[in-house]
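Everything in the sequence shown is counted per this note's numbering, starting at 34 for the first residue and increasing by one.
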Amino acid sequence: LLSMLNTVVLHNIFVETVMHFIFQDSQMNRKFKRTLHFPLAEFILAMGFLLVFVVEQMLLAFREQTTDASLEKQALVDCEDRDAPHRSRRSVSWCAVDEGLRVFLLLFCVCVRAFLEGVSVACQRERLLETCVSLLLGEALVAFSLAVRLTHHALRRTLVAGALLLFSVSCPAGIGAGLALDGLTVGPQVQLVRCAVEGLTAGIFINVCVLESVWQESGSPKHRIHKVAFLLTGFALVTAVLFSKV
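So, in structure tokens, the structure goes:
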């Protein structure tokens with residue numbers, strides 16, 4: 034049951050988050066009457082998507098180098114029959130790094146998203162009650178899905194409770210920040226920064242929650258840096274082609 038909830042509910046919630054970002058970006062373009070010939074929204078989404086992969090592979094590559102060095106030193110004094118336990122511990126450490134990074138990024142993204150939603154609510158003056166009710170329902174659904182996701186990773190109860198507490202504080206903190214900034218002029222630069230942050234978090238959501246199975250090949254410990262280099266090279270080539278058409 035938990036697996037079904039984790040797959041269906043949480044993934045669909047963050048797909049909606051991605052669509053909401055794209056809708057806000059198109060709204061901003063219409064508001065400031067600017068036509069972008071470069072696919073900026075898709076570029077920011079891709080940057081957030083690739084950010085997880087690059088950081089993950091760099092951490093794993095560094096962990097493998099340090100583990101291999103320690104195994105070489107241990108092999109000088111240990112017998113050959115201890116190689117298998119070391120390999121199993123190394124694979125466990127790889128999984129721990131991977132899961133820990135994804136859980137941290139997921140928590141970071143939902144907190145940033147809740148903070149920005151709080152700022153948006155504080156800046157509104159029309160239909161405030163309806164907006165607050167819809168925000169409360171949406172944040173409650175995200176909190177439930179986050180709890181299911183963290184429980185699926187078999188985290189301790191204290192860590193799950195701390196993560197949920199941090200998420201629950203993020204939205205009120207955003208509302209407080211929005212009220213503190215009340216009266217200040219919000220220019221297009223501020224809107225652009227906000228959309229960029231939302232786009233990066235949306236890309237991270239896609240990687241962490243929706244497309245984990247895409248990176249099964251990246252779980253192989255061979256040629257991690259080469260995979261990252263080839264991936265970024267292809268991304269840069271496509272970006273250069275699109276930019277040349279502007």
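We put the beta carbon where it would ideally sit given N, CA and C, even for glycine.
As the structure is a computational prediction, the values presented were derived from the model and not from experiment.
| Check | Outcome |
| --- | --- |
| Buried/exposed call for Glu113, threshold 16 Cβ in 10 Å | Caution applies to Glu113, whose pLDDT of 49 falls short of 50 and renders its modelled position unreliable; the value that the coordinates give is listed next. By the neighbour-count rule (16 or more Cβ atoms within 10 Å), Glu113 is not buried but exposed. |
| Cβ shell of Thr234 (< 7 Å), same chain only, five flanking positions each side left out | Gly81, Cys142, Val145, Arg146 |
| Reduced DSSP secondary structure (H/G/I, E/B, other) of Val186 | Reading the sequence as shown, one finds His at residue 186 and not Val. Coil at His186, not helix or strand. |
| Among Val274, Glu97, Ala262, Ala206, the one whose alpha carbon lies nearest that of Val154 | Ala206 |
| Local Cβ density within 10 Å of Ala273, reported as buried at 16 or more and exposed below that | exposed |
| Rounded C-alpha distance that separates Cys156 from Phe148 | 13 Å |
| Close Cβ partners of Thr164 (< 7 Å) along its chain, the five nearest in sequence each way excluded | Val154, Gln157 |
| Classification of Gly133 by the beta-carbon crowding that lies within 10 angstroms, buried from 16 upward | exposed |
| Nearest-angstrom beta carbon gap, Leu140 and Leu7 [assumed within contact, 8 Å] | Outside the modelled stretch of the chain, which goes from 34 to 279, sits residue 7, for which no answer is possible. |
| Distance between Arg96 and Pro118 (C-alpha atoms, nearest Å) | Any answer about Pro118 is weak, because its pLDDT of 47 lies below 50 and its placement is not dependable; what the coordinates show is given next. When rounded, the distance between both Cα atoms is 17 Å. |
| Closest Cα partner of Val88 within the set Arg189, Asn240, Arg190, Leu214 | Asn240 |
| Glu159 - DSSP class collapsed to helix/strand/coil | coil |
| Same chain, Cβ closer than 6 Å to Ser203, neighbours up to 5 away in sequence not counted | Cys144, Ala147, Phe148 |
| Alpha-carbon spacing of His259 relative to Leu93, whole angstroms | 13 Å |
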